[in-house]
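Scroll down for the structure; my scribbles are underneath it.
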Amino acid sequence: MKHIKKEFTLDCGPAEAWQLVVDRSKYEKWAAAFQEGSTYTGDMGLDETVHFVDTSGNGLVSKVVVFEPEKEIKFSFLGEITDGKYVEVAAFADMLEHYVFEPVGNQTKMFVDVAMDDKYYDMMNEMWDRAGIELVKLSK
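Counted the way my numbering counts, the sequence shown spans residues 12 to 151.
As structure tokens, then:
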């Protein structure tokens, strides 16, 4: 298991930075860096189940395990959806995606920590670099 750790300086306050993650229409703009048409279904809230999916409905299923508006959100991955079927994946038990928002003057530092299987690390690290560029653009 490896960790992708990123830090992005966003040109907005924590409230606006938070919306880049929890507002579906804003999320879709920067998540396209992972795959065009990426979105999520479900509600962003503590103990809620969220499906991060592509245009075909395939993707990952996670649970929101930390939800502190404008401060922190953490997802624990549970399994995947393929062709409309959910499968729990034991290997995902340690996979987490964690965002922390820290105000710095008129800006917000967004810290991202994603724990994932080694085999996806290089690909996802590059995608996170592209997503970060989009997040910064959207924050202006």
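Glycine included, every Cβ here is placed at the ideal spot set by N, Cα and C. Only a predicted model underlies this, so the values are computations on that prediction, with no experimental measurement involved.
G68 counts as exposed, since fewer than 16 other beta carbons sit within 10 angstroms of its beta carbon. Distance from the CA atom of W41 to the CA atom of D34, rounded to whole angstroms, is 11 Å. Proximity to V72 across P80, K82, T50 peaks at T50, based on C-alpha coordinates.
With contacts defined as CB atoms closer than 8 Å, K13 and D129 qualify as a contacting pair. In the structure shown, the three-state DSSP call for F78 is strand. Excluding sequence positions up to five before and after M106, its CB lies within less than 6 Å of the CB of F88, A126, M127, all in the same chain and listed in chain order. DSSP places M135 in the uninterrupted alpha helix (DSSP H) bounded by 132–149. In its chain, beyond the 5 residues on either side, H14, K16, H109 have a beta carbon closer than 7 Å to the beta carbon of D124. One alpha carbon belongs to E99, the other to G53, and they sit about 17 Å apart.
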